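Read through the structure below, which is laid out as structure tokens, and then see the notes.
Numbering (the numbering used here), first residue to last: 136 to 344.
Written as structure tokens, this is what we have:
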């Protein structure tokens, strides 16, 4: 059966005939506009979501960067405080010139004088210790023969001269001690820069024990 002829101004709805004949209904401009509007809304929603995600990531990166800066500043402050403390201790050493009578005599003629008493653990024999030292010839203002910033050894095991094994006993971590070591507790007749059989003057800081 053919379709009914219509005049141009006929408002007859032929959707039923189209459905019957298998033809897809024509999409109205209103429906097309609605679909476009829905697509646009979805695109805007996804764009907004993506923007929020980017902002979130930027915020996290900024927070991590700020945390790193804070940590770096904290560490820098710690280092500055340690340096100030070290300078303070060094000034104490430089300003303090122990009188001869303030030295305590021990075995083999070794003498010591505490310039700064430590507050940490007491040094023990057979245990590893770490020290900083300056070795001078004869006296406090003598020629510098040797020095070390982080020297490690075991006390009482013969790793160092006997003058150290004897003279460092009784120290506490953080302490600073002056030692006078005679040849028989040092290097004997060997000349290490201060002359044969010279007295050795040590400034020792006990860093760790």
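Backbone N, C-alpha and C fix where the C-beta goes; we use that ideal spot for every residue, glycine too.
Quick caveat, the model's predicted, so the values are computed rather than measured.
Reduced DSSP category for residue i - H, G, I as helix; E, B as strand; rest coil
i	result
residue 214	helix
residue 252	coil
residue 191	helix
residue 307	strand
residue 143	Legend: pLDDT at residue 143 = 47, less than 50; position of this residue unreliable, no value from coordinates given.
Proximity below 8 Å, CB of residue i to CB of residue j
i	j	result
residue 305	residue 254	no
residue 320	residue 272	no
residue 338	residue 269	yes
residue 301	residue 322	no
residue 250	residue 205	no
Residue i: first and last residue of the uninterrupted alpha helix (DSSP H) it sits in
i	result
residue 297	297 to 302
Whole-Å CB distance - residue i paired with residue j, under 8 Å assumed
i	j	result
residue 317	residue 243	7 Å
residue 290	residue 246	That pair is no contact at about 18 Å.
residue 335	residue 298	7 Å
residue 267	residue 283	7 Å
residue 240	residue 280	About 23 Å separates the two Cβ atoms, so there is no contact after all.
First through last residue of the beta strand (DSSP E) which encompasses residue i
i	result
residue 263	263 to 272
residue 316	311 to 316
residue 343	335 to 343
residue 245	Taken as a continuous stretch (DSSP letters only), residue 245 belongs to no beta strand (DSSP E), as it is neither H nor E.
residue 281	279 to 289
Same chain, Cβ closer than 8 Å to residue i, five either side skipped, listed in chain order
i	result
residue 258	264, 290, 303, 304, 305, 306, 307, 308, 341, 344
residue 256	307, 308, 344
residue 324	318, 331, 332
Other residues of its chain near residue i: CB distance less than 6 Å, five sequence neighbours each side excluded
i	result
residue 238	246, 248
residue 200	none
residue 181	none
residue 288	294, 295
7 Å Cβ shell around residue i - same chain, five flanking residues per side excluded
i	result
residue 292	261
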